[in-house]
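S.K.: Residue numbering for the first sequence follows this note's numbering, starting at 6 and increasing by one per position.
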Amino acid sequence: MKSRIEVVLERSLAAAREAGALLSDSTAAGTLEVPKDRSHGDLASNVALTMAKAERKAPRAIAEALVVHLDDPEGWVESADVAGPGFLNFRLTPRFWQTELAELSAADGLRVPDFGAGRRVQVEFVSANPTGPLTVGHGRNAVLGDTIARLLSGTGHEVHREYYFNNAGRQMKVLGESVRSRYLEEVGRPTEFPEDGYQGDYIREIAHSLVEEHADGLADHEGTAFRAAAEQAIFEEIRRTQDRLAIRFDLYFNEDVLYSTGAIEKVLAALDEKGFVDRREGAVWLRGEAVGLDKDRVLVKSSGEPAYRLPDIAYHENKLSRGFDEIVDILGADHIEENKEVRAGLAALGLAADRVRPVIYQFVTLTRNGEQVKMSTRRAEFVTLDDLLDEVGVDAVRFFFLSRKSDSHLDFDLELATKQSTDNPVYYVQYAHARIANLLAEAGRQGVELPDGAVAVEVLAPLDDADDFELIGQAAAYAEIVDLAARELEPHRVVFYLQDLAAGLHRYYNRHRILGDEAPGRIRARLAMLVVVRKVLAAGLDLLGVSAPDRM
RNA sequence: GCGCCAGUAGCUCAGGUGGAUAGAGCAACGGCCUUCUAAGCCGUAGGUCGAAGGUUCGAGUCCUUCCUGGCGCACCA
Numbered sequence: 006m007k008s009r010i011e012v013v014l015e016r017s018l019a020a021a022r023e024a025g026a027l028l029s030d031s032t033a034a035g036t037l038e039v040p041k042d043r044s045h046g047d048l049a050s051n052v053a054l055t056m057a058k059a060e061r062k063a064p065r066a067i068a069e070a071l072v073v074h075l076d077d078p079e080g081w082v083e084s085a086d087v088a089g090p091g092f093l094n095f096r097l098t099p100r101f102w103q104t105e106l107a108e109l110s111a112a113d114g115l116r117v118p119d120f121g122a123g124r125r126v127q128v129e130f131v132s133a134n135p136t137g138p139l140t141v142g143h144g145r146n147a148v149l150g151d152t153i154a155r156l157l158s159g160t161g162h163e164v165h166r167e168y169y170f171n172n173a174g175r176q177m178k179v180l181g182e183s184v185r186s187r188y189l190e191e192v193g194r195p196t197e198f199p200e201d202g203y204q205g206d207y208i209r210e211i212a213h214s215l216v217e218e219h220a221d222g223l224a225d226h227e228g229t230a231f232r233a234a235a236e237q238a239i240f241e242e243i244r245r246t247q248d249r250l251a252i253r254f255d256l257y258f259n260e261d262v263l264y265s266t267g268a269i270e271k272v273l274a275a276l277d278e279k280g281f282v283d284r285r286e287g288a289v290w291l292r293g294e295a296v297g298l299d300k301d302r303v304l305v306k307s308s309g310e311p312a313y314r315l316p317d318i319a320y321h322e323n324k325l326s327r328g329f330d331e332i333v334d335i336l337g338a339d340h341i342e343e344n345k346e347v348r349a350g351l352a353a354l355g356l357a358a359d360r361v362r363p364v365i366y367q368f369v370t371l372t373r374n375g376e377q378v379k380m381s382t383r384r385a386e387f388v389t390l391d392d393l394l395d396e397v398g399v400d401a402v403r404f405f406f407l408s409r410k411s412d413s414h415l416d417f418d419l420e421l422a423t424k425q426s427t428d429n430p431v432y433y434v435q436y437a438h439a440r441i442a443n444l445l446a447e448a449g450r451q452g453v454e455l456p457d458g459a460v461a462v463e464v465l466a467p468l469d470d471a472d473d474f475e476l477i478g479q480a481a482a483y484a485e486i487v488d489l490a491a492r493e494l495e496p497h498r499v500v501f502y503l504q505d506l507a508a509g510l511h512r513y514y515n516r517h518r519i520l521g522d523e524a525p526g527r528i529r530a531r532l533a534m535l536v537v538v539r540k541v542l543a544a545g546l547d548l549l550g551v552s553a554p555d556r557m
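In structure tokens form, the structure reads like this:
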């Protein structure tokens with residue numbers, strides 16, 4: 006929407022230079038934006054302010070010169086005024102807005118610039134250890150990662166979604182022992198529950214199903230048999246939860262592959278060869294000073310087992326070797342240091358560590374009845390993501406998780422979320438969509454000819470109200486918002502945009518009785534406009550993975 | 001002690017690379033349905049943008065130093 010006026014601005018600057026009103030070598034690096042206060046016009050530019058120094062002239066004088074030399078052959082600008090310290094405020098013509106809307110109504114009218122064309126991006130998210138059901142915290146990760154993947158796909162990237170399945174570590178061993186203990190308990194054998202074992206009911210359930218299947222036939226088995234059963238059961242549950250959220254992965258990457266293929270040893274050998282490794286106290290250390298970390302870190306424990314960060318480096322080495330241009334890691338705040346170590350390790354190996362782009366999200370705190378609920382998988386004090394989905398619903402959960410920037414803590418008040426779920430902003434946006442759908446249906450019943458597909462500017466000529474133009478302007482901002490959200494990996498921008506657009510629609514809907522208009526041409530033009538607004542709402546909600554219902 | 005993130009209305013939060021009188025939702029108060037969905041709209045009230053300095057035409061935004069909260073700083077993942 007800005008591009009037309011940017012052209013006018015460029016032409017006017019050139020004209021002013023030619024006329025000697027401006028120094029010819031000065032560069033204009035101003036911004037063009039929709040002013041917060043609409044009384045300032047439809048678009049405002051601060052070029053005059055940014056040029057003031059180079060021009061050695063008062064900003065207002067520069068702005069005046071631009072108004073005098075305004076070059077607008079297409080007739081987009083209704084008026085250009087100098088305001089405040091030197092802002093240039095443009096009011097645009099009906100023709101401008103009608104043209105804008107006509108373009109939006111075209112089949113590819115909402116197309117977002119394909120800045121990712123030809124780029125392969127991997128998004129790694131969730132990656133929860135299969136030691137228990139997904140928690141509310143995992144939910145934030147899942148929804149954030151999935152939506153970032155959608156944003157990247159929507160901007161032309163070739164996206165690969167991956168779940169790093171951490172099935173090789175000590176925690177899995179503890180998991181197996183926990184199940185074994187519950188199993189022995191149930192078949193009446195003496196047992197001692199592991200001190201750091203997983204205490205959740207789901208462990209008992211897994212043990213119980215093993216008793217049903219094998220009676221006490223497994224009593225003399227080692228933990229590994231139990232571990233495999235637990236891993237499978239929990240993994241299936243994780244997948245079920247993801248299905249509810251419509252989240253799919255292209256690949257579940259198993260950590261143990263890194264062991265079986267020798268990738269871990271190779272990475273260690275390479276680091277060693279380059280002199281980044283130290284051996285002392287029976288362990289193998291990554292030399293912090295040499296790789297840009299503040300302290301040394303253990304790569305291989307004195308027990309001979311790799312510490313978690315070594316397979317993690319090997320995993321990222323594997324990712325890079327698959328030729329991705331960018332690797333997005335969705336990580337909780339507690340993993341930021343680890344990611345730094347991984348990138349330092351990659352850089353030390355001479356690999357493109359700068360292709361790894363972490364998206365850090367702060368923790369979700371959960372409150373119930375005004376009290377904070379502590380979440381810990383191990384102590385079984387958690388609310389599962391499934392519970393949350395049961396209580397609040399998929400659309401509301403997704404929308405809520407996305408409605409804060411990832412850097413902010415997210416406070417999920419369960420009482421509020423359940424009790425006031427109808428106040429959830431997601432319904433506000435969906436309602437705007439349903440309202441338009443309903444209006445179009447009513448128009449159909451009244452025999453009004455409905456616009457279908459691309460609409461010609463001539464058809465839109467009856468649009469003459471400032472409210473019409475404002476709504477068109479809001480709808481036209483879609484591509485720019487999505488573009489920014491995708492570049493910055495910030496889905497919350499889409500959420501806030503949709504809320505603004507929905508507010509604009511509701512306001513418009515209350516002020517104008519569309520079907521009651523005495524001019525049939527204007528009814529058709531306005532319906533065409535609302536068809537576009539509905540299209541934008543549906544596209545935006547789809548990016549968030551939220552449904553756009555026709556009836557509510 | 002060190003590092004990262006946050007601190008904006010009573011509550012939950014928005015405020016690209018500095019722009020005009022700092023916004024939204026919820027909560028509060030007052031209005032609007034015989035007419036396309038009131039899950040909506042309109043209005044009122046609510047702020048020393050954690051504090052103090054600094055940078056400049058201009059700072060919620062950038063710099064410095066503090067204060068408060070969260071998360072890290074394991075031979076746990």
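Backbone N, C-alpha and C fix where the C-beta goes; we use that ideal spot for every residue, glycine too.
1. Starting from the Cα of Ser158, find the closest Cα among Asp547, Ser552, Ala553 and give me that residue.
2. Whole angstroms is fine: what's the gap from Arg492's alpha carbon to Gly123's?
3. Out of Arg232, Gly280, Ser408, point me to the one whose CA is closest to Ile211's CA.
4. Is the separation between the beta-carbon of Phe101 and that of Gly46 shorter than 8 Å?
5. Excluding five sequence neighbours on each side, which residues of the same chain lie with their C-beta closer than 6 Å to the C-beta of Val369?
6. Between Ala173 and Asp261, which are expected to be in contact by the criterion C-beta below 8 Å, what is the C-beta distance as a whole number of angstroms?
7. In this structure, how does DSSP classify Phe404 when only helix, strand and coil are distinguished?
8. Can you tell me where the alpha helix (DSSP H) with Ser50 in it begins and where it stops?
9. Mind checking Arg185: buried by the 16 CB within 10 Å criterion, or exposed?
10. As a quick exercise: from Arg43, Ser17, Ala107, Pro90, pick the residue whose alpha carbon is nearest that of Asp457.
11. At the level of alpha carbons, what is the spacing between Glu11 and Leu354?
12. Leaving out five residues on either side along the sequence, give the residues of the same chain with a beta carbon under 8 Å from the beta carbon of Asp400.
13. Report the residue from Glu167, Leu476, Asp119 whose alpha carbon sits nearest the alpha carbon of His511.
14. What number of angstroms, rounded off, separates the C-alpha of Ile318 from the C-alpha of Val52?
15. Tell me whether Pro496, by its Cβ, gets closer than 7 Å to a heavy atom of the ligand COA.
16. Let me know the secondary structure DSSP gives Tyr366 once reduced to three states.
17. Could you work out which residue in Glu396, Asp473, Ala543, Glu454 is closest to Arg440 when comparing CA atoms only?
18. What does a CB cutoff of less than 6 Å around Ile239 pick up in its chain, not counting 5 residues either side in sequence?
19. Output the distance between the C-alpha atoms of Phe281 and Leu291, rounded to the nearest integer angstrom.
20. Spell out a yes or no on whether the stretch 161–169 and the stretch 203–222 are touching, meaning 3 or more CB-CB pairs, one atom from each, closer than 8 Å.
21. Could you please give the first and the last residue of the uninterrupted alpha helix (DSSP H) stretch that includes Phe240?
22. According to DSSP, is Asn171 part of a helix, a strand, or is it coil?
23. What's the C-alpha gap between Gly545 and Leu156?
24. Is Asn429 buried or exposed, if buried means 16 or more other CB atoms sit within 10 Å of its CB?
25. Just verifying my parser: in three-state terms, what is the DSSP assignment at Val460?
26. State the DSSP-derived secondary structure class of Thr389, mapped to helix, strand or coil.
27. Could you work out which residue in Arg516, Leu444, Pro496, Gly478 is closest to Arg529 when comparing CA atoms only?
28. What number of angstroms, rounded off, separates the C-alpha of Thr372 from the C-alpha of Asp392?
29. Helix, strand or coil, according to DSSP, for Thr136 in the structure here?
30. Could you round the C-beta distance between Leu149 and Phe406 to whole angstroms and report it? I think they count as a contact, below 8 Å.
31. Give the DSSP bridge partners of Glu163, in chain order.
32. Exposed or buried, Lys300, counting other C-beta atoms within 10 Å across all chains shown (16 or more means buried)?
M.R.: So, from the listed chains and residues:
1. Residue mapping note: residue 158 aligns to position 153 of the first sequence, counting from 1. When only C-alpha atoms are compared, the closest one is Asp547.
2. For this step, residue 492 is matched to residue 487 along the first sequence. For this step, residue 123 is matched to residue 118 along the first sequence. Cα to Cα, the separation comes out at about 15 Å.
3. Here residue 211 refers to the residue found at position 206 of the first sequence. Closest by alpha carbon: Arg232.
4. Counting from 1 along the first sequence, the entry for residue 101 is found at position 96. Counting from 1 along the first sequence, the entry for residue 46 is found at position 41. Contact: no.
5. Sequence index remark: in the first sequence, residue 369 carries index 364 (1-based). Cβ within range, chain order: Val141, Gly142, Arg145, Leu415, Phe417.
6. Sequence index remark: in the first sequence, residue 173 carries index 168 (1-based). Sequence index remark: in the first sequence, residue 261 carries index 256 (1-based). About 5 Å separates the two Cβ atoms, so the contact holds.
7. Looking up residue 404 in the first sequence gives position 399. The answer is helix: DSSP assigns Phe404 an H, G or I state.
8. Counted from its first residue, the first sequence places residue 50 at position 45. For Ser50, no alpha helix (DSSP H) encloses it; the enclosing beta strand (DSSP E) starts and ends at 48–50.
9. Reading the first sequence from its first residue, position 180 is the one you call residue 185. So Arg185 ends up on the buried side.
10. For the purposes of this step, residue 457 is identified with residue 452 of the first sequence, where counting begins at 1. It is Ala107.
11. Within the first sequence, numbered from 1, the residue matching residue 11 stands at position 6. Within the first sequence, numbered from 1, the residue matching residue 354 stands at position 349. If you take the alpha carbons of Glu11 and Leu354, they lie about 46 Å apart.
12. For the purposes of this step, residue 400 is taken as residue 395 along the first sequence, with counting starting at 1. The beta carbon of Asp400 is closer than 8 Å to those of Val431, Gln435, Val551, Ser552 in its chain, skipping five residues each way along the sequence.
13. Locating residue 511 in the first sequence gives position 506, where the first residue counts as 1. For the options Glu167, Leu476, Asp119, the alpha carbon positioned closest to that of His511 is the one of Leu476.
14. On the first sequence, position 313 is the one that residue 318 refers to. On the first sequence, position 47 is the one that residue 52 refers to. Distance between the alpha carbons of Ile318 and Val52: 47 Å.
15. Although the ligand COA was asked about, the structure shown includes no ligands whatsoever.
16. Position 361 of the first sequence, counted from the first residue, corresponds to residue 366. DSSP places Tyr366 in strand when its eight states are reduced to three.
17. Sequence index remark: in the first sequence, residue 440 carries index 435 (1-based). Among Glu396, Asp473, Ala543, Glu454, the Cα nearest to that of Arg440 is on Ala543.
18. In the first sequence, residue 239 corresponds to position 234, counting from 1. Pro135.
19. Along the first sequence, one-based indexing puts residue 281 at 276. Along the first sequence, one-based indexing puts residue 291 at 286. If I take the Cα positions, the gap works out to 6 Å.
20. Flag = no, the stretch 161–169 and the stretch 203–222 do not touch.
21. One-based indexing of the first sequence puts residue 240 at position 235. Start and end: 228–249.
22. Locating residue 171 in the first sequence gives position 166, where the first residue counts as 1. Note: Asn171 maps to coil in three-state DSSP.
23. Counted from its first residue, the first sequence places residue 545 at position 540. Counted from its first residue, the first sequence places residue 156 at position 151. Between Gly545 and Leu156, the C-alpha separation is close to 10 Å.
24. For the purposes of this step, residue 429 is taken as the residue at position 424 of the first sequence. So Asn429 ends up on the buried side.
25. Mapped onto the first sequence, residue 460 falls at position 455. Secondary structure at Val460: coil, using DSSP grouped into helix, strand and coil.
26. Here residue 389 corresponds to residue number 384 of the first sequence, with the count starting at 1. Residue state for Thr389 is assigned as strand, using DSSP reduced to three classes.
27. Sequence index remark: in the first sequence, residue 529 carries index 524 (1-based). The residue with the shortest Cα to Cα distance from Arg529 is Leu444.
28. Reading the first sequence from its first residue, position 367 is the one you call residue 372. Reading the first sequence from its first residue, position 387 is the one you call residue 392. Taken atom to atom, the span from the alpha-carbon of Thr372 to that of Asp392 is near 14 Å.
29. Locating residue 136 in the first sequence gives position 131, where the first residue counts as 1. DSSP places Thr136 in coil when its eight states are reduced to three.
30. As a first step, residue 149 must be located in the first sequence, where it is residue number 144. As a first step, residue 406 must be located in the first sequence, where it is residue number 401. Right, the Cβ-Cβ distance comes to about 7 Å (below 8 Å), so this counts as a contact.
31. Counting from 1 along the first sequence, the entry for residue 163 is found at position 158. Assignment of beta-bridge partners to Glu163 by DSSP yields Arg125.
32. To locate residue 300, count along the first sequence from 1; it is residue 295. With fewer than 16 other beta carbons inside 10 angstroms of its own, Lys300 counts as exposed.
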